[in-house]
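Going by the working numbering, the sequence shown opens with residue 20, and the numbers climb by one from there.
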Amino acid sequence: MKIEEKFIIYEKLLKEWSEKMNLVAPSTLNDVQNRHIRDSAQLAQYLPHNVNIIDLGSGAGFPGVVLAILGWNVTCTESIGKKARFLEALKNELDLPNLTIVNDRIENFLAKTPVNAGNFVFTARAFAPLIKILDYTHKTKCRLFLLKGREIESEINTAKSRYKFDYKLYKSETGDGYIISIFNVK
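Given below as structure tokens:
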């Protein structure tokens, strides 16, 4: 199955499952390809190719499932059981052997999973404030690639009150938000 076909099936399944549960804002279902898929896919231009991705609070699979479709090895972490079941359905329907679904809280997952900075990066979209994400991930020393909103400067300033880190900020191609790459967290 071609990548484009997988994204079409993804959109179909998202709309079907969204009738039963809150996966994304209902107002965004009329533009899934741009609002969610293309928005998530823009991370691909910044991600190293030889890493495994841990997607934090994957929800409806953005950006984790999109990046798995594009070829990365991805572990989607999702604490809500019904959302994890949706992600499992996507994995099976889209035939993604490079996608792993973990139905657990990120802090529990990281406590029992060895993660090293050379082989892993974290991604997230609409997950938590930056300082909370750093609370979860800072001990791993892994790079982060996050899709964030227009209040990113405020989130950076708040996070800098507790952590030292380097970052690069990129303007989103699909909205008024940003992509932030974070590294050298102390």
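We treat Cβ as the ideally placed atom computed from N, Cα and C, and that holds for glycine. If you're wondering where the values come from, they're calculated on a predicted model, not measured in any experiment.
- request: Using alpha carbons as the reference points, say which of LEU106, GLN64, ASP50 lies closest to MET40.
  value: LEU106
query: Does the stretch 85-99 come close enough to the stretch 107-123 to have 3 or more Cβ pairs within less than 8 Å?
result: yes
- prompt: Among LEU89, ASN127, ASN122, which has the Cα closest to the Cα of PRO116?
  reply: LEU89
field: Cα-Cα separation between PHE139 and LEU66, rounded to whole angstroms
entry: 11 Å
query: Do you know how far the Cα of ARG54 is from the Cα of GLU38?
result: 18 Å
- prompt: Curious, which full-length alpha helix (DSSP H) runs of at least 4 residues does the stretch 137-190 contain?
  reply: 149-156, 171-179
- prompt: Are SER200 and TYR186 closer than 9 Å when you measure CB to CB?
  reply: yes
message: Per DSSP, what are the beta-bridge partners of ASN122 in this structure?
response: The partner list for ASN122 (beta bridge, DSSP) is empty, contrary to what the question assumes.
- prompt: Among the residues of its own chain, which have a CB less than 7 Å from the CB of VAL85, if the five just before and after it don't count?
  reply: ILE56, SER59, ALA60
message: Considering just the uninterrupted stretch of the alpha helix (DSSP H) at TYR65, what are its terminal residues?
response: Neither: TYR65 is in no alpha helix (DSSP H) and is coded neither H nor E.
- prompt: What does DSSP give as the partner residues of TYR197 in its beta bridges?
  reply: LYS167, LYS190
- prompt: What's the gap between the Cα of LYS34 and the Cα of ALA145?
  reply: 19 Å
- prompt: Expressed to the nearest angstrom, what Euclidean distance is found between the alpha-carbon atoms of LEU166 and TRP91?
  reply: 17 Å
- request: Spell out the partners DSSP gives ILE99 in its beta bridges.
  value: According to DSSP, ILE99 bridges with nothing at all.
ILE27 - containing alpha helix (DSSP H), residue span: 22-37
query: What do you reckon, is the C-beta of TYR189 under 8 Å from a heavy atom of the ligand ZN?
result: Absent from the structure shown: the ligand ZN. Ligands present: none.
field: THR94 in three-state terms, based on DSSP
entry: strand
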